[in-house]
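Accompanying notes for the structure given below.
Chains as they are written, first to last, in this note's numbering: chain E, 124 to 536; chain F, 245 to 1320.
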């Protein structure tokens, strides 16, 4: 009996051990189970488009937050309390500045990754035209990121392929490119994008004319670089040529009412050539923060707007021919009311369920006039929950970056 | 095993001899340890086969047969007593624990060993120490008790986690905690961050939170803990052992009639310390003086005469409460020689000292051992527990501690109607901290079923086959609810609710064969085994906003519920072996090998092997030293080396996963990280040299260990420059690849000294331990510019570890003083905001009264006359130079007193909270009282008239005139008050570095055991009552609440940063232990 026990025990043990050896590799091979990996995504045309969708919002998140301060506060268009952007006291470690830089480089890394993954991993059923379109979209965003980089930070390194830099171990020894070189790189990037992109794409997506439009703006900016009081004529000519190309060939037109370009219903309006596409969701960074950052406290129902104490500057008001100390509005310019709300203004497109938003009544009811300048932001705001869900206090929005209108202006000038 | 057989034999013998009757004696045997009756003590008449055993009440009766009878009283683990009977007929015998015998067998990985055979470094923490502190989790019992272990409470919240570093931080992985193994089963945490429970960022964004996986386990069920420190001891755990291993053994049954015991404890906790903040009068004066310097821009007429004001609201008193706690445990143990059981049930309820926080636990345990056949033993250890916690975010910028301190004393807690007051002023919203703590729910429920079933088969004597199936099945439910509320003129119009359920299933199966043998003086043991485990997790969460009311928290009732789900698994397979050898108790040696395969690595580097050896020499057993055994009764030198590994990185780091990211164009899918298919095991190698010395028959025991351990191929995210696009917002950035990128070295010495100072009726024992550790980042990714960064709250760099530095040094500027006047500004190195055109402006440029930082370096590596980022430097290390603990216990008759102190020396604390509490950037924030001693400005020439033109600009007041302003208190350390802080006086600097050394009177316990005479009358074997004071006083220079600050809950790679850490409470408690 004892002997039998011994034998059976060893037998079982041996079996267990050998079983262990045989199936170990299988037992230990566990790629992500509840999500795709780069190896099993990019199998259909739709997946390839979905792979480029996030570059239309998420990585730009922190850039958008900070860039408002560079574009509007630093320029004096916007009063922002004790912000260092208002008082010209920005330190090199300024949080917004650091985050903006990280955000732009993040866009570049994603775009490089998309191009690489489409080239290496795309399934055999994916159409060649889809691959080109997707890569072209990524290239335009990459060019946009570099365009911001060179304008905000000047000389920056050229990162063409992140995985290659890491694989070669060379990533710590990358040198800055000169500003003209960066512009050349942007232009080359856009030229390649133009080659790959179709003349028209799905609504809201980048097409060939988005790339032309951006290229025109790049040339315009480049034309002034290194010049003093004049512009480089050949660059200017290029800018005009590409702007004309977009105006004449794209078949796009302007929206009749200026403020409509900032309304949600016109998210995919043909006036905008290149736009971020934010969304309502609980994935942080997929949302637009401008309503929170700029909206009056109490503008939404989540207690998540905190921008009311800053507002469009007196200079900007004067440029529109308005004076906050006056109780009547001049409304010389249609863009004024769509840019800033002032005493007496009513907006039928905000708080639609409550019969519109009355700025004066709002201040009366909350017993506080928040803005120090007498005006509050309108542009980029969407209002309350009636039209669109805004959980977590963040709002959805598209934010146009290159509008046809600005190209028309460019061409005119 | 052998003892059971002996006992059986003794029993049988006693029966046989019963028949012969002559002279009868009786008596009782009690345990010298706790004066309880001892059951099952062998009473044998010497030189005869005659004997008996004691009954449940300790009594015995024996008929003597020999002429000059001598009785021998013996019990396993106790020193036997011989009594000459003489004419006596009744005996009262006290048996004392045999320390040598009892300490002899210790748990090691996959088996037990005689303690005297150990060649590695391991420490036992016994039940007495576990019970010496008032603890919620068993890891809290390790504080200050074990040399070489630095143990810091992450928070003072009830049930909070403890960060434990065995012999220094040897990895920068998020999980540097030791491996906990309970009765052979690896404890499953299910993650330690709030996010892993579905609480999002409610408890901070860091990888550690205050939630402890060990708080689900009832410490009263633990009989001992073994802390394995050196690699030769931990190597048998191979890939999981590099942070040290804590082996936990739970109580097992003892043969005999059932013994019930009740342990009850009642306590109150409080926060003793307060930070010196301004009261209302001081706040009003401060407000007035700031407004005077700003053309009365922020003038507040209600503060016109501060002497008329009271103290205002003391927000510290408001958020801290006197919190009760109580715990009760009932257990029963007993059995026969063949089947033994231990069952227990316990309840614990602990309120937190910060309002709104509490912790409840119900736990049950049943342990069973059955000797089914002579060669077959079956065992079952199982526990079930439920915990319910109401958590709160104490630290970080959004935490209640900082939030309440910043809330000014002119805001009341309640308004006239009894509702929470809250005030929004010029965009400075201060949501009422009390309202936040009470109305916003962060709830966590957990349950856990864990244990193992094992069989030990002993086919023939020297061979034992141990087969075991372990399991740990846990579920948890995290809930967050933010109500729709209106506090004063602040309101949140829509509520939000989220609930997430998590399931974790873990099983492990192991087999090992142990063969022991002896030939002459050669003793040897060989063990060979196999283990596999698999761990699965799954979670489903729903969140929504706009629920119809605040009453029902079902997120499905809200608008547009969002669903969040996921699942995954990991697994490991291992083979291991161990050989030990002992020659004549003089020369001992151990060799272990383990080969591990982990699913965390790709096919290229999945498997790794780990070796270790250790040897020791007990020189006091050598013939030539026998003569000194009266002085030195035990002396042993130990030496060992070993490898261990670390695979703690989470799954699928070898590939690139895709993550969902919605966009305005529809669903989007982004690549989550850059892949590294070549990622492999982190390996640690450790040398250990130790000596054990026992003098004067164990009156003095000294253990000294020295170690040198190096972790190489450290698993970490690759530190890439910003242009690689992997920095910034973690929610959107591409994650950098994980790989093997660094080397860390820890060296140290640790001492343990135990002395029995007095051994008579009045006993006095001292245990002292002390450990020194030096830590160094040896290499990082091969390049000179790579470093490790840690952040304060979001992305502000607070720590930088460069190659060659100890880990987690604080990094910032050094403050020299304050600028006294214009000349001082002109003659000092130029800060960034020094106006190049010479036009100073008190609002926008550096000004008199701003902080002057040291010019330490420049682009050329030497001071360049400019204050810029080159001047940042190491401003202190959060790691202690040494830490220590000392316990003194005194026994006299039935009284016992134990005093336990512990502390650290040489560590720095970054008082991050003080940055906001002394920034003076908003007149709507309360500040530390020390800001009243800030750099105060005064005119040099008080008679100068204004307006005047200075540097081409018209100024209207002396305080705007750079040529006519100076600091009136030149030695001020706090800068001037200025709203937008142009000079960045609040930058990371040594202004906020404080000495974190402390000496704490951790525990004082005073107990009294009722004499058996009295307790017997109530049919109770033993009654002990005791009182305990925990954290009575802390000697420290730190100005915050509590200098004991561990890992940051906001960011990895940060240690010792106080951003409002939940301070450890003072606990006054009273307890009673009964057994019957």
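All C-beta atoms, glycine included, are put in the ideal place defined by N, C-alpha and C.
Span separating the alpha-carbon of residue i from that of residue j
i               : j               : result
residue 632(F)  : residue 689(F)  : 5 Å
residue 980(F)  : residue 294(E)  : 12 Å
residue 502(F)  : residue 1012(F) : 37 Å
residue 931(F)  : residue 383(F)  : 26 Å
residue 1208(F) : residue 1071(F) : 17 Å
residue 462(E)  : residue 455(E)  : 13 Å
residue 560(F)  : residue 680(F)  : 14 Å
residue 900(F)  : residue 1045(F) : 28 Å
residue 948(F)  : residue 521(F)  : 46 Å
residue 510(E)  : residue 629(F)  : In this prediction, residue 510(E) has a pLDDT of 44, which is less than 50 and means its spatial position is unreliable; nothing more can be read from the coordinates.
residue 1155(F) : residue 499(E)  : 38 Å
residue 354(F)  : residue 756(F)  : 8 Å
residue 835(F)  : residue 479(F)  : 10 Å
residue 570(F)  : residue 376(F)  : 16 Å
residue 1091(F) : residue 966(F)  : 33 Å
residue 1313(F) : residue 1131(F) : 19 Å
residue 746(F)  : residue 993(F)  : 42 Å
residue 515(E)  : residue 995(F)  : Only weak support is given to the placement of residue 515(E): the predicted model assigns it a pLDDT of 32, under 50, and the value that follows is read from those uncertain coordinates. Their backbone Cα atoms lie some 54 Å apart in a straight line.
Contacting residues, own chain, Cβ-Cβ under 8 Å from residue i (five flanking each side not counted)
i              : result
residue 885(F) : 475, 476, 856, 857, 858, 929, 930, 931, 932
residue 917(F) : 897, 900, 901, 978, 979, 980, 981, 982
Cβ pair residue i, residue j closer than 8 Å
i               : j               : result
residue 1042(F) : residue 1095(F) : no
residue 557(F)  : residue 677(F)  : no
residue 328(F)  : residue 314(F)  : yes
residue 422(F)  : residue 410(F)  : yes
residue 780(F)  : residue 754(F)  : no
residue 813(F)  : residue 274(E)  : no
residue 495(F)  : residue 591(F)  : no
residue 365(E)  : residue 395(E)  : no
residue 504(F)  : residue 1319(F) : yes
residue 466(F)  : residue 492(F)  : yes
Cβ-based neighbour list, residue i, same chain, cut-off 7 Å, excluding 5 preceding and 5 following
i               : result
residue 1109(F) : 1073, 1074, 1099
residue 445(E)  : 452, 453, 459, 465
residue 217(F)  : Residue 217(F) is absent from the structure shown; chain F starts at 245 and stops at 1320.
6 Å Cβ shell around residue i - same chain, five flanking residues per side excluded
i               : result
residue 124(E)  : The pLDDT assigned to residue 124(E) is 44, lower than 50, so where the model puts this residue is not dependable; a value taken from the coordinates is nonetheless given after this. Excluding positions up to five away in sequence, the list is empty.
residue 1179(F) : 1062, 1093, 1211, 1216, 1219, 1220
residue 784(F)  : 745, 809
For the stretch 1229-1237 of chain F against the stretch 1055-1067 of chain F, do three or more pairs of beta-carbon atoms, one drawn from each stretch, fall closer than 8 Å, so that the two count as touching? yes
Is it the case that the stretch 442-453 of chain F contacts the stretch 377-392 of chain F, given that we only count it when at least three CB pairs across the two stretches are under 8 Å? no
Count Cβ pairs between the stretch 1215-1229 of chain F and the stretch 1249-1257 of chain F that sit closer than 8 Å; are there 3 or more? The stretch 1215-1229 of chain F, when compared against the stretch 1249-1257 of chain F, does not touch it at the 8 Å Cβ threshold.
I want to know whether the stretch 311-319 of chain E touches the stretch 260-280 of chain E - three or more CB-CB distances under 8 Å. yes
Listed from N- to C-terminal order along the chain, which residues in the stretch 146-158 of chain E have their beta-carbon within a distance smaller than 8 Å of any beta-carbon of chain F? 147, 148, 150, 151, 152, 153, 154, 155, 156, 157, 158
Are there three or more Cβ pairs, one per stretch, closer than 8 Å when the stretch 366-385 of chain E is compared with the stretch 411-426 of chain E? no
Interfacial residues, the stretch 215-234 of chain E to chain F, with Cβ spacing under 8 Å: 215, 216, 218, 221, 222, 224, 225, 226, 228, 229, 230, 231, 232, 233
Under 7 Å (Cβ pairs) to chain F, residues found in the stretch 173-198 of chain E: Answer in chain order: 173, 174, 176, 177, 179, 180, 181, 182, 184, 185.
Quick check: the stretch 937-944 of chain F against the stretch 970-986 of chain F, are at least 3 beta-carbon pairs closer than 8 Å? Under the 8 Å Cβ criterion, the stretch 970-986 of chain F does not count as touching the stretch 937-944 of chain F, having fewer than three qualifying pairs.
Which of the residues in the stretch 894-908 of chain F, read from start to end, lie with their CB under 8 Å from any CB of chain B? Reference to chain B is not applicable here, since the protein chains of this structure are E and F.
So if I threshold CB-CB distances at 8 Å, which residues from the stretch 951-980 of chain F count as touching chain E? Per Cβ criterion, the list reads 962, 964, 965, 966, 967, 968, 969, 970, 971, 972, 973, 975, 976, 977, 978.
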